[in-house]
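Input: a single structure, listed below in structure tokens.
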Amino acid sequence: MTTETKIDGFKSLMYSSPLFYNFMTQKLHDYEKKYRILARMVCSDDETKILDLPCGTGNLARFLKPHISYEGWDLNQMFLEKIKKDWKKGVCKPKNIILKQKDIFEYQDYPDVDCVLLCDILHHISPRHEELVEKVKICTNKVVICEPISIKPENMNGNGLLGRLIMVIGRYLPESLIKTIDFLFGDNDGINSYATRSKWAHTDDALKLFYRKIGIEEKQIFKLGDELIGIWKK
């Protein structure tokens, strides 16, 4: 395993604690089902070299097979340290793992890989999300994208009792309070502003339209809870 490092900014509790991050993502999504499906999709055509942008706490790596060569980029050093610990424990399965604390917009450093996963990132970086997708296409023959249809509580269902309860309560909170909660405890990654992220609000059809716009065929778009998965192939 090799790593590269770089600095990032202030983060909420969710992005300061890998354990809290994993807890919240498990409550908001059917975590195990989601990443088992994504692991199958990124390797469905016998791909062996995978780039995960950004890799977060390494959820994908937990479900990949040992022979896969996995490279993950993220600006959150604590997340990368969590992946290294899990890899040493055998929780992350690939024998060959490369981790880099790098900006995903450093296109010139992308390795040539069989597949790139873009999971829960495009809504963080709008309006540069289309630019990222087009640059990623250059280094690979396949891109798997998984994004929430919306990040507004009124448009989300959540997973499990706690996840659904969080969404129901969120629908009745004023925008100013939601913004404060987001900054201190929620989706504030220390890089992308709430103003940027809160603009991501789609219907199923609108997000499907975006997927088709970037070259994903209708038959390669799948609904998974509050998210849509799309598979682009060159």
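According to our numbering, the sequence shown holds residues 365 to 598 in order. We put the CB at the ideal spot given by N, CA and C, even for glycine. Because the structure is a prediction, the values reported are computed rather than measured.
* **alanine 559 versus glycine 579 - alpha carbon distance** => Each residue's alpha carbon lies about 28 Å from the other.
* Whole alpha helix (DSSP H) runs in the region 417-489 with 4 or more residues, listed along the chain? -> The qualifying runs are 441-453 and 486-489.
* Tell whether a beta-carbon distance below 8 Å holds between leucine 417 and leucine 482. => Taking 8 Å as the Cβ cut-off, leucine 417 and leucine 482 qualify as a contacting pair.
* To do: Classify isoleucine 513 as helix, strand or coil using the three-state DSSP reduction.
  => Judged by DSSP in its simplified three-state form, isoleucine 513 adopts coil rather than helix or strand.
* Evaluate the contact criterion for the region 446-464 versus the region 487-495: three or more CB pairs, one atom per stretch, below 8 Å. => In this structure the region 446-464 does not touch the region 487-495; the number of beta carbon pairs closer than 8 Å is below three.
* To do: Check lysine 598 in the structure and name its three-state DSSP category.
  => In the three-state reduction of the DSSP assignment, lysine 598 falls in the coil class.
* Asked: What did DSSP end up calling glutamate 539 once you bin it into helix, strand or coil?
  -> Glutamate 539 sits in a helix when the DSSP states are folded into three classes.
* **phenylalanine 374 burial status per 10 Å Cβ neighbour count (16 or more: buried)** => Exposed.
* To do: Starting from the C-beta of phenylalanine 384, find all residues in its chain whose C-beta is less than 8 Å away, skip the five residues before and the five after it, and write them out in chain order.
  => Short of 8 Å from the beta carbon of phenylalanine 384, and not among the five residues preceding or following it, lie these beta carbons of its own chain, in chain order: Leu377 and Met378.
* What residues match up with isoleucine 588 in a beta bridge as DSSP calls it? -> Inspection of the sequence shows that residue 588 is occupied by leucine rather than by isoleucine. Beta bridge pairing from DSSP links leucine 588 with Glu591.
* Asked: Is it buried or exposed for valine 455, if we count other Cβ within 10 angstroms and need 16 for buried?
  -> By the beta-carbon neighbour count (other beta carbons within 10 angstroms, threshold 16), valine 455 is exposed.
* **Three-way DSSP call (helix, strand, coil) for isoleucine 555 in this model** => It is coil, neither helix nor strand.
* To do: Would you check if there are 3 or more beta carbon pairs closer than 8 Å linking the region 587-598 to the region 498-511?
  => Yes, the region 587-598 touches the region 498-511.
* Asked: On the premise that alanine 403 lies in contact with leucine 444, defined as a C-beta separation below 8 Å, what is that separation, rounded to the nearest angstrom?
  -> That pair is no contact at about 19 Å.
* To do: Answer with buried or exposed for lysine 587, where buried requires no fewer than 16 other C-beta atoms within 10 angstroms of its C-beta.
  => Lysine 587 sits exposed, since fewer than 16 C-beta atoms from the chains shown fall within 10 Å of its C-beta.
* For threonine 412, which residues from the same chain have a beta carbon less than 7 Å from its beta carbon, with the 5 sequence-adjacent residues on both sides left out? -> Within the same chain, threonine 412 has close Cβ partners His431, Ile432, Ser433 and Asp478.
* **Neighbourhood of lysine 598 by C-beta distance below 6 Å, restricted to the same chain and skipping five residues each side** => The residues are Asn505.
* To do: With DSSP as the reference, label lysine 375 as helix, strand or coil.
  => Coil, per DSSP.
* **8 Å Cβ shell around cysteine 419 - same chain, five flanking residues per side excluded** => These residues qualify, in order along the chain: Ala425, Gly436, Trp437, Asp438, Phe443, Leu444, Ile447 and Leu463.
* Asked: In terms of residues, what are the limits of the alpha helix (DSSP H) holding aspartate 576?
  -> Residue 576 is actually arginine in this sequence, not aspartate. Here the alpha helix (DSSP H) through arginine 576 covers 568-577.
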